[in-house]
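Here the sequence shown is numbered in my numbering, starting from 3 and rising by one per residue.
Where is the CB? At the ideal position from N, CA and C, for every residue including glycine.
From a predicted model like this one, the values you see are computed outputs, not experimental measurements.
Let me begin by presenting the structure, written as structure tokens, before commenting on it.
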Amino acid sequence: MTPPTKSPPTLLSAGRAPASRRPGKWRIADIIDGRALRVKLTAAALDNIGNDAAARKSALNLLHGAMFRGRLIAQERLQQGADGLDTARLLAAVQDEVIHALYDFTVTHVHRASNPTEAERLAILATGGYG
């Protein structure tokens with residue numbers, strides 16, 4: 003009796019984890035802690051009062067770190083066999099959280115206006131392709 007031959011991997015099966023070992027559902031709170039990010043951004047602003055360039059650099063480093071962590075987790079999930087569309091949703095959620103934190107930082111520490119005029123109001127628009 004000859005042992006069964008194993009067929010070579012196809013483009014569709016190569017590098018994919020079995021369905022039973024794929025990563026489970028993700029929660030944005032497990033990937034990026036928006037509250038902690040905002041606290042760190044506020045600390046960066048307070049630590050650099052009077053030095054706008056240093057405050058901006060600290061804020062950018064924190065935001066880049068959050069994005070890097072989100073992308074790293076997305077990559078790991080894909081390598082474990084996660085669904086591509088679900089991973090795209092994860093990346094969009096990370097980007098949304100970072101943009102919200104940046105907005106909060108900006109209106110709290112950069113362009114503060116307790117009663118903004120129409121010209122002082124800030125809006126964020128995204129057209130896609132920013133990731």
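Could you compute how far the alpha carbon of residue i sits from the alpha carbon of residue j?
i, j, result
"N63", "H102", "16 Å"
"S116", "I33", "32 Å"
"K27", "F70", "20 Å"
"A84", "G72", "14 Å"
"A139", "G130", "As shown, the chain starts at 3 and ends at 133. That puts residue 139 outside it, with no answer to give."
"A31", "A125", "25 Å"
"L14", "H111", "With a pLDDT of only 43 at L14, under the threshold of 50, the placement of this residue in the model should not be trusted; the figure read from the coordinates follows. Rounded to the nearest angstrom, the two C-alpha atoms are 49 Å apart."
Specify, as a first and last residue, the run of the alpha helix (DSSP H) that residue i falls within.
i, result
"N63", "54 to 81"
"I33", "30 to 33"
"T89", "86 to 107"
"G36", "36 to 49"
Contact defined as beta carbons within less than 8 Å: I believe residue i pairs with residue j. What is the distance between those atoms, to the nearest angstrom?
i, j, result
"L39", "A68", "6 Å"
For the 8 Å Cβ check, are there 3 or more pairs between the stretch 36 to 54 and the stretch 102 to 110?
yes
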